[in-house]
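Reviewing the structure listed below.
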Amino acid sequence: MALRTLGLQTYHGWDLVFEPDGSKLQLCAELVRRKYKGARDGDVHISRAEFDILVGDSQAVVDSLCILFAPELLAAYPEAKVVLNVRPDSNAWYRSINKTIVEEVDQSWVIWGMQWFSAEFHWLYSLYLRDGYPGIFHSGTTQDGIQRNAKWVYRDHCNMVRGMVPKENLLEWSVEDGWEPLCKVCMMRKNLDFSQNDS
37 MALRTLGLQT
47 YHGWDLVFEP
57 DGSKLQLCAE
67 LVRRKYKGAR
77 DGDVHISRAE
87 FDILVGDSQA
97 VVDSLCILFA
107 PELLAAYPEA
117 KVVLNVRPDS
127 NAWYRSINKT
137 IVEEVDQSWV
147 IWGMQWFSAE
157 FHWLYSLYLR
167 DGYPGIFHSG
177 TTQDGIQRNA
187 KWVYRDHCNM
197 VRGMVPKENL
207 LEWSVEDGWE
217 PLCKVCMMRK
227 NLDFSQNDS
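Just so we're aligned, residue 37 is where the sequence shown starts under the numbering used here, counting upward by one.
Written as structure tokens, this is what we have:
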């Protein structure tokens, strides 16, 4: 939400859910499946043109697309400025994603059942719970992947971003840092109170 507050047209992972015809949700699910499960022709490359379809004219991409496709996005948009949201307490971060993703989403019978009655839920379930999170967290299931691998995957993700992004295009930022570093990287001036609830 911070980048939207700064006036950037920001594509959030949940924007996929609210697309009018569901085609972007389906495309994203297909790209995740290609990345993590392979392609018949062996070509798992995701092009800038495919990302342009997903994110449109957005000036920033945040949330799930960044974790699902970090190296592919960085390769497709090498000129991008990157804000790497670093967490000073990996145990607190782990508890948060375990509660939110595993306990409230992955273990929900309602969410599991909805995939059988709604095309959008089918693609959403496939995107995140069947293919995306198991792929990100290197496991057969979302729960096992997060509970066994989340902390080292997070460390590897941060190190991969640091290795791929030129230092002049990278801001390592934590919500405790407030607005000033974000304003600098976005070349904006804001006089705002910074809420640490929604990062």
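Virtual Cβ for every residue (Gly too), placed ideally from N, Cα, C.
Note that the structure is a prediction, hence the values are computed from the model and not measured.
{"Query": "For the region 89 to 98 against the region 180 to 197, do three or more pairs of beta-carbon atoms, one drawn from each stretch, fall closer than 8 angstroms, so that the two count as touching?", "Result": "no"}
{"Query": "Identify, in the order they occur along the chain, each residue of the same chain with its Cβ nearer than 8 angstroms to the Cβ of TYR47, setting aside the five sequence neighbours on each side.", "Result": "LEU90, VAL91, GLY92, SER94, ALA96, VAL97, VAL98, LEU101"}
{"Query": "What separation, rounded to the nearest whole angstrom, lies between the Cα atoms of LEU67 and VAL53?", "Result": "16 angstroms"}
{"Query": "Between the beta-carbon of TRP209 and the beta-carbon of VAL119, is there less than 7 angstroms?", "Result": "yes"}
{"Query": "Taking buried to mean at least 16 other C-beta atoms within 10 Å of its own C-beta, is GLN45 buried or exposed?", "Result": "exposed"}
{"Query": "Figure out for me which residue from PHE157, LEU206, TYR169 has the closest Cα to the Cα of THR136.", "Result": "TYR169"}
{"Query": "Taking C-alpha atoms, which residue in TYR113, ALA75, ASN121, ASP57 lies nearest to SER83?", "Result": "TYR113"}
{"Query": "How should GLY181 be labelled, buried or exposed, when 16 other C-beta atoms within 10 angstroms of its C-beta is the threshold for buried?", "Result": "buried"}
{"Query": "Less than 7 angstroms separating the beta-carbons of ALA65 and SER154?", "Result": "no"}
{"Query": "Starting from GLU208, trace the beta strand (DSSP E) in both directions and tell me its first and last residue.", "Result": "206 to 209"}
{"Query": "As an exercise, report each continuous beta strand (DSSP E) stretch of at least 3 residues that is fully enclosed by the region 139 to 212, in chain order.", "Result": "206 to 209"}
{"Query": "How many Å lie between ASP234 and ALA38 at the Cα?", "Result": "Its pLDDT being 48, under 50, ASP234 is placed unreliably in this model, and the coordinates cannot settle the point."}
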